[in-house]
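Read the sequence shown against the numbering used here and you will find it ends at 155, with the numbers running on by one and no gaps. In this text, a Cβ means the ideal position worked out from N, Cα and C, and glycines have one as well.
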Amino acid sequence: MPPRWEPNPDIRRGRSVVYTPHAHLVFTPKYRRGPFTSDIRTRCEEIMREVCADFDVELREFNGETDHVHLLVHYPPQVALSRLVNSLKGVSSRRLRREFPERIRKYLWGSHFWSPSYFAGSCAGAPLPRDRIPPGHKRPGFLRLDR
9 MPPRWEPNPD IRRGRSVVYT PHAHLVFTPK YRRGPFTSDI RTRCEEIMRE
59 VCADFDVELR EFNGETDHVH LLVHYPPQVA LSRLVNSLKG VSSRRLRREF
109 PERIRKYLWG SHFWSPSYFA GSCAGAPLPR DRIPPGHKRP GFLRLDR
């Protein structure tokens, strides 16, 4: 018997849950100095993909510049985002410092690679189509879509 719907690879299923949470993460190095070269950024992506695999998280996209990196992750609801971030930053810091000591020591000092702060934005779900929002509907803090 064929399925009633087309399978969507973005929607993951567990025993009692169907989910599709995504998060946009941004990490900056300590003092926002620019230690990233293309080689370091490529190795950082490899390391972060390994860490994500350990958490059963999919790293959908990775990019950045000399002073920060962006990640788009697709994670299960059992994973606490803060634990994932701590592991991503901790493991990548140790490995990058060990593999690129001269370059990183030139830009950063002490035992820290990443800034203790980070950005995490939820990316799961699409906005409602305009025809599904009641006319004149106003909610504080939200943009009106009928303009």
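Taking Arg-68 as reference, the option from His-30, Thr-36 and Gly-98 with the minimal CA-CA separation is His-30. Of Arg-111, Val-81 and Thr-28, the smallest CA-CA separation from Glu-53 is found for Val-81. Per DSSP, reduced to three states, the secondary structure at Ala-128 is strand. Assignment of beta-bridge partners to Gly-72 by DSSP yields Val-77.
Straight-line spacing of the CA atoms in Val-99 and Thr-28 works out to 26 Å. Less than 9 Å divides the Cβ of Arg-105 from the Cβ of Phe-121. Beta-bridge partners of Glu-66 (DSSP): His-82.
Rounded to whole angstroms, His-76 and Gly-42 show a C-alpha spacing of 8 Å. Looking at Ala-88, Glu-73 and Arg-51, the one whose alpha-carbon comes closest to that of Ser-101 is Arg-51.
Excluding sequence positions up to five before and after Val-87, its CB lies within less than 8 Å of the CB of Phe-63, Asp-64 and Val-65, all in the same chain and listed in chain order. Contact check for Ile-55 against Arg-111 fails: the beta carbons are separated by 9 Å or more. DSSP, reduced to helix, strand and coil, places Ala-88 outside both helices and strands of the structure shown, so it counts as coil. Straight through space, the alpha carbons of Val-93 and Val-59 are spaced by roughly 10 Å.
Rounded to the nearest angstrom, the gap between the Cα atoms of Gly-72 and Arg-49 is 8 Å. Contact between Lys-38 and Leu-89 is absent: CB atoms are separated by about 21 Å, not below the 8 Å threshold.
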